[in-house]
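Enquirer: Numbers -17 to -1, 1 to 107, taken from mature numbering (1 follows the signal peptide of the UniProt record, and there is no 0), label the letters of the sequence shown in order.
One structure, as structure tokens, below. Some questions next.
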Amino acid sequence: MKYLNIFSLIALSLAIGCGSDSTSSTTGGASNACASTPFLGQWTDTTFGDILTLNADCTGTLPRCAATLNFKNPNSNGTIDITFTASNAAAFCPNVGTYSCAYNNLVATTLTIDCGSGALTYTK
């Protein structure tokens, strides 16, 4: 249950799993490395109301958890990798670490992510 709120997207958090090939966009901080990612911006979890922000430089935040993250562009198999680099111990907050998450139903205003603890839906 603790991991459920983590990905309310990631991963997309998204993270949702890019392969390890050297041509895939990686890492937080690279200027606009994730600009082509279709789910940049602020997303609100429809279950918990958490706000997940994903930026063009492959970084993001989950403020309720004092969480910072890095992610890779989603790959063609429907997964994305999300690495939480900091997080507090609040209920339903992610542990620091890397997660591979499945995503689907991606449209302009809805993103559903499942990182193994159940699907969470975010809206813009």
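Here a beta-carbon is modelled for each residue, glycine too, at the ideal position from N, C-alpha and C.
As the structure is a prediction and not an experimental result, all values here were calculated from the model.
Is DSSP giving residue 41 helix, strand or coil here?
Expert: Position 58 of the sequence shown, counted from the first residue, corresponds to residue 41. Coil at residue 41, not helix or strand.
Enquirer: For residue 54, which of 33, 32, 80, 48 has the nearest alpha-carbon?
Expert: Taking the first residue of the sequence shown as position 1, residue 54 is located at position 71. The shortest C-alpha separation from residue 54 is found at 80.
Enquirer: If you draw a straight line from the alpha carbon of residue 104 to that of residue 40, how long is it in whole angstroms?
Expert: Residue 104 sits at position 121 when you count from the first residue of the sequence shown. Residue 40 sits at position 57 when you count from the first residue of the sequence shown. Cα to Cα, the separation comes out at about 23 Å.
Enquirer: Rounded to whole angstroms, what's the CA-CA distance from residue 94 to residue 101? Just pull it up for me.
Expert: Along the sequence shown, one-based indexing puts residue 94 at 111. Along the sequence shown, one-based indexing puts residue 101 at 118. Each residue's Cα considered, the two are about 14 Å apart.
Enquirer: Hey, which unbroken runs of the beta strand (DSSP E) at 3 residues or more fall wholly within the segment 64 to 89?
Expert: If we require 3 residues or more, the segment 64 to 89 turns out to have no beta strand (DSSP E) run fully inside it.
Enquirer: Alpha carbon to alpha carbon, what distance is there between residue 52 and residue 17?
Expert: Here residue 17 refers to the residue found at position 34 when the sequence shown is read from its first residue. Here residue 52 refers to the residue found at position 69 when the sequence shown is read from its first residue. Approximately 13 Å between the Cα atoms of the pair.
Enquirer: Quick check on the DSSP output: the beta strand (DSSP E) that includes residue 29 runs from which residue to which?
Expert: Taking the sequence shown and counting its residues from 1, one reaches residue 29 at position 46. Premise fails: residue 29 is in no beta strand (DSSP E) and is neither H nor E.
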